[in-house]
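So the sequence shown is numbered by the numbering used here: it starts at 159 and just counts up by one.
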Amino acid sequence: MQDAARLRALTPEAYWLEITRELIWDRAPTIALEGGFGDFRYFPGAMGNVSVNCLDRWPADRIALRYEREDGLKETWTFGALTDAVARFAAALEDLGVSKGDRVAVYASNVPESFIAIHACYRIGAIYSVIFAGFSASAVRDRLEDAQPKVIVCTDATLRRGRDVPIKATLDEALKGLPLPHVIVARRVDPNYPLQNGERDFAELLAHTTRRAIPVSLEANDPGFIIYTSGTTSKPKGLVHAGIGFLVGTYANVKWSLNLGVDDVYWCTADVGWLTFPIFALVGGLAHGATHIIYEGSLDTPTPARAYELMASYRVNKLFTAPTALRMMRRAGDDLLQHHDTSKLVLVSLVGEPLDPDTWFWTRDKLGRGSIFVNNTYGQTETGTAWSSSMVGITPTRPGSCGHALPGYLPHVLREDGSEAGPGEVGAITLAAPFPCLARTVWGDHSRYVKTYLAPFPGHYVASDAALFDADGQLWVTGRLDDVINVAGHRLGTMEMEAALLTHAAVSEAAVVTQPDEIKGMTPIAFVVPRAGYADSTELQAALCQAIVDAVGAIARPARVVVVSTVPRTRSGKIMRRVLRDLIVTGEASGDLTSLENPDAIEVVLQKLAQS
C-alpha cells in the first residue's frame, strides 16, 4: 500500500518513466513528455518493438493460448510456436510489399490467426486495423475506404449460436467497386472454402514462408493501429494509437487491474474487434506472460452452462469480462454453479458499461463463493486503457463504482462553465494531462480529433461521459454526454443507426435512444416518423429493424421500432432525445422543457409505447 501511495503521488511523467523500466527497449526512454494535447510525444526518441515485449521474451515452452470454439474445436499454442508463426507471417507480409506505415486490415473473430496477423504487423511496423466480425458489409466498407489497407486478413466464417456467420462473403460485398488489396483467408469453418483468383490461404502462405522477419525497431510514437469508434455523426472515427505508447499503457493497466502473472490462467471474454481485447489480452495481457484462454462463439451456446464449463475445464483463476456476460450467467440460474468447479477463480475484472450493485454482489457471493475480488473499471477506446480501477490487492473498490484513477492520469469532473465539480456532483469527466496510450489523432482528419476531444474544455481531453467522484475518490459513471450508446459493452453511434433508417423510403424522421436491459445493459429503441402514404405495421417495423442491421450489424438491432406521428422537438426543430429516453424509462418527461415546441408529442409517444 505504501508503494501504491508513492506511485499515485508521482507526476504522470515520472510515473510513466518508472513503468518503462519493466519493459524491453532497443533504446530506453530518457524523456517522458514533449508537447501537449493535440501534438504530444511520449518517450521521444525511445526505440523498441511491441511483439518482442509480448512474445519473444517469454520461455518458448510456456503456454500462451488455449483456444476453443463453440463447437468444441481446440488448439494450444506455446509462446515459441506463436512467436515463430508471427515472424514467418510478418515475412509473408513483407513479401507482399507491406512495409512500415502500410495498413493491414484484420477482419476476423477470436482465432489464433488474429494474434498472428496483428503481432506480425507490430513486428514490421505496419499499421493494423481490426474490424469487428459482426459488422455489416456497409460498415466494413466504410472502414476499408478510410484506412485503404494494402492487405486484408480474414476468416471464411465464424460460429455464433450454432450457425455460421459469413465473414469472407461479407468482405466480398464490401469490396465491390473498391481497389482490390491482397486478401488472405484463414479457412477456419470450411477447409474447402473457395478462394477467388489472387486470394491466398492463410495456412498455406504461412507453411510456405520459411524466412522469419527481424523485429523492426520503432520509435515510441510511431502509429501502431487504427481502431474505429462510433461518433455523433454517421461516419466512424479512425482513432490512431501509437504502438509502443499503447504497450506501455496497457502493460500498466493489466498490472494494476488484474495483477496478472506468469502462473495465471486468464480468460478475457471480449471480442478482438473491440479495444478491450487488445488492451487486456492481445497486448497488455501477453506482455505479462500469462496463459490466455481464447474463446470463439457465444457464452450461452450450446447451453447456458458454457461459460462455467470453460472456467472449470481450464481452471481459470482470473476473468475479464463485461457486466452483460455476468448478467447472462446470473439469469441462467445459480444451480449451474453447483455442477461446475470455479473454485480457482480469485478475480473478476470488468469494463464496458456500468455494473449494477446487485450483479456485483452476485459475482462476489455466488460466482466467487464470497472469496473473490470484483474490480469494475472504466475507460474508453480513445484512452486505450481502463484508467479508473482498483489496484488489485492494494486499493479498495465499491459496488457499482469504477474504482479510482490509476497512477499516471489526472482526471477532473467539470461543470459546463469549466469549473471543477465537487465530490458527489455530476459533470463531464475529463483528463488534464496526456498519457502514452491516449489516441493521437483521427486518421486523415486531425481537426475532427481536436474538435471532438479537445475543444469543449481547452487543456483537457473530454470523454463525453457524465460522472462524479465521491468523497473517497471513487468514480461513478452515470451515462453518455453525446449520442454514443453501449450495447453489451459495444459502443455504437446512434447517428449511424438513424442514418440507416433515414435511407428507407418510408422514413421522414428518426431518433435512436436506449432503454435499460437486464442482460445487455442498454438496448436501442428507434422512433420513426413515417412519410406520407406510409402507415405503421409489423412489416414496416421489421423492415426498419433490418435496415439498421444491414447498415451497422446485428449487434445494433433495436429492441423495438416505434412508429409515431410526431416526436418531441425544440423550437429549432431538433428532436429531444432526452425526453424520449425519459418516456421509455419513467413514463414522464423530466428536466427543463422550456425549449419543447410541441408538448402534445409527449402524449402521442406515451400512447404508442403503451401498445404491446
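We put the CB at the ideal spot given by N, CA and C, even for glycine.
**Message:** For Ser-287, report the span of its alpha helix (DSSP H) as first-last.
**Reply:** No alpha helix (DSSP H) contains Ser-287, which is instead part of the beta strand (DSSP E) from 285–289.
**Item:** Neighbourhood of Val-722 by C-beta distance below 7 Å, restricted to the same chain and skipping five residues each side
**Value:** Phe-685, Val-687, Val-762, Val-763, Lys-766
**Asked** Taking the alpha-carbon positions, what's the Asp-458 to Ala-172 distance?
**Response** 45 Å
**Prompt:** CA-CA distance, Gly-679 and Ile-221?
**Reply:** 35 Å
**Message:** Tell me the DSSP secondary structure of Trp-545 in three-state form.
**Reply:** coil
**Item:** Inter-residue CB distance, Tyr-286 and Val-264 (contact presumed, cutoff 8 Å)
**Value:** 6 Å
**Item:** For Asp-458, the three-state DSSP class (helix, strand or coil)
**Value:** coil
**Message:** Run through the DSSP bridge pairs and tell me what Asp-197 is partnered with.
**Reply:** Gly-194
**Asked** Looking at the structure shown, is His-570 part of a helix, part of a strand, or coil, going by DSSP?
**Response** strand
**Request:** Rounded to whole angstroms, what's the CA-CA distance from Leu-336 to Ala-544? Just pull it up for me.
**Result:** 36 Å
**Request:** Have a look at Ile-451, Tyr-453, Pro-436 and flag the residue whose alpha-carbon is nearest the alpha-carbon of Ala-445.
**Result:** Pro-436
**Prompt:** Would you report the Cα separation of Tyr-200 and Glu-667, rounded to the nearest angstrom?
**Reply:** 46 Å
**Item:** Nearest-angstrom beta carbon gap, Leu-626 and Thr-610 [assumed within contact, 8 Å]
**Value:** Between Leu-626 and Thr-610 the Cβ distance is about 23 Å, and since that is not below 8 Å, they are no contact.
**Message:** What does the alpha-carbon distance come out to for the pair Leu-223 and Ala-400?
**Reply:** 25 Å
**Message:** Just to confirm, is the Cβ distance from Pro-373 to Ile-282 under 9 Å?
**Reply:** yes
**Request:** Round the Cβ separation of Val-671 and Arg-739 to the nearest angstrom and send it over; I've been treating them as touching at under 8 Å.
**Result:** 5 Å
**Request:** Confirm, please, whether the CB-CB distance from Phe-383 to Arg-288 is below 9 Å.
**Result:** Sequence check: residue 288 is Val here, not Arg. Yes, the pair counts as a contact, with Cβ atoms nearer than the cut-off.
**Message:** Using 9 Å as the threshold, is the C-beta distance between Glu-138 and Pro-592 below it?
**Reply:** With the chain covering 159 to 770 only, the question about residue 138 has no answer from this structure.
**Asked** By Cβ distance below 8 Å, which residues in the same chain neighbour Leu-659 in space, the five residues on each side in sequence not counted?
**Response** Val-665, Ala-668, Val-670, Ala-684, Val-686, Leu-702, Ala-705, Ile-706
**Request:** For the alpha helix (DSSP H) containing Gln-699, list its first residue and its last residue.
**Result:** 696–709
**alpha helix (DSSP H) runs contained entirely in the region 387–418, provided each spans 4 or more residues** = 401–415
**Message:** Quick test of your reading: Ala-278 and Phe-247, contact by CB under 8 Å. State the CB separation rounded to the nearest angstrom.
**Reply:** 4 Å
**Request:** Could you have a look at Pro-515 and say whether DSSP puts it in helix, strand or coil?
**Result:** helix
**Request:** Return the residue from the list Val-298, Leu-338, Ala-305 that minimises the CA-CA distance to Ile-325.
**Result:** Val-298
**Message:** Suppose the cutoff is 6 Å on Cβ atoms and the five residues either side in sequence are ignored; what does the same chain contact list for Gly-542 look like?
**Reply:** His-399, Phe-404, Gly-407, Cys-595
**Prompt:** Do you know how far the Cα of Val-474 is from the Cα of Tyr-424?
**Reply:** 6 Å
**Request:** Assuming Thr-539 and Leu-433 form a contact by the criterion Cβ under 8 Å, report the distance between their Cβ atoms to the nearest whole angstrom.
**Result:** 5 Å
**Prompt:** Exposed or buried, Met-469, counting other C-beta atoms within 10 Å across all chains shown (16 or more means buried)?
**Reply:** buried
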